[in-house]
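Colleague: Here it is, the structure, as structure tokens.
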Amino acid sequence: MPTSTKAEILSLYRGFLRIIENWPNDYLRPNRNLKHILYLRVTEGFRQNMVVKIPHIYESLVSNAEKELNALRILETNEFKEKYPLSDKMYRPAANPRYYFGLLAELDKAAKQKQIDDSTPPPWWRRFFGMGHYKEL
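Residues in the sequence shown are numbered from 169 upward in steps of one, following the working numbering.
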């Protein structure tokens, strides 16, 4: 008999759903949205594993789910960003000190406008690949 109770499993499931609910939407790639993929993986995974009755397999699944939930919590809270902050030299390289701020501004603008045309690269792609100084043909 598995040692994890239904209440513990339900709590684990709800923990996943809370994190997924707070996960940011990716407006730049609406067809490859990590939030949606996480939701499908969690709901399907819990549904498929409801029938597992072998104790050591069941406990292994619960243990893995707890580790995955903890990893998502660490990502959600930016724990490593806080623990290992980047230096100002990383954000402002000597060759082009405004590069990353400009790139982030362009990404933000594209996400807000949701205007990505597949036929021509949007401005943030030009900036990312260093194509901003080329004339349009």
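Built from N, CA and C at the ideal position, the CB exists for glycine as well.
In the DSSP assignment, the alpha helix (DSSP H) including D256 goes from what residue to what residue?
Modeller: Note, D256: alpha helix (DSSP H), D256 to Y259.
Colleague: Thinking C-alpha only, which one of T173, N190, L237 and Y181 is nearest E212?
Modeller: Nearest of T173, N190, L237 and Y181 to E212, Cα basis: Y181.
Colleague: May I have the straight-line CA-CA distance separating D256 from H224, to the nearest angstrom?
Modeller: Rounded to the nearest angstrom, the two C-alpha atoms are 49 Å apart.
Colleague: Nearest to N246 by alpha carbon, out of W191, D276 and S179?
Modeller: Closest option to N246, Cα to Cα, is W191.
Colleague: Please report the Cβ distance between V219 and I188, rounded to the nearest whole angstrom; I am assuming they are in contact, meaning their Cβ atoms lie under 8 Å.
Modeller: Their Cβ separation, rounded to whole angstroms, is 23 Å, which puts V219 and I188 out of contact at 8 Å.
Colleague: Can you look up Q283 in the DSSP assignment and give me helix, strand or coil?
Modeller: With a pLDDT of only 48 at Q283, under the threshold of 50, the placement of this residue in the model should not be trusted, and no figure is reported.
Colleague: Does the Cβ of P198 lie closer than 7 Å to at least one heavy atom of the ligand PLP?
Modeller: Of ligands this structure carries none, so the ligand PLP is not represented either.
Colleague: Measuring straight from C-alpha to C-alpha, what distance separates E176 and R186?
Modeller: E176 and R186: Cα-Cα distance of roughly 15 Å.
Colleague: Short check: CB of S172 to CB of E227, under 8 Å?
Modeller: Cβ distance < 8 Å, so S172 and E227 count as in contact.
Colleague: Round the Cβ separation of L229 and N217 to the nearest angstrom and send it over; I've been treating them as touching at under 8 Å.
Modeller: Going by Cβ atoms, the distance from L229 to N217 rounds to 5 Å, so yes, they are a contact pair.
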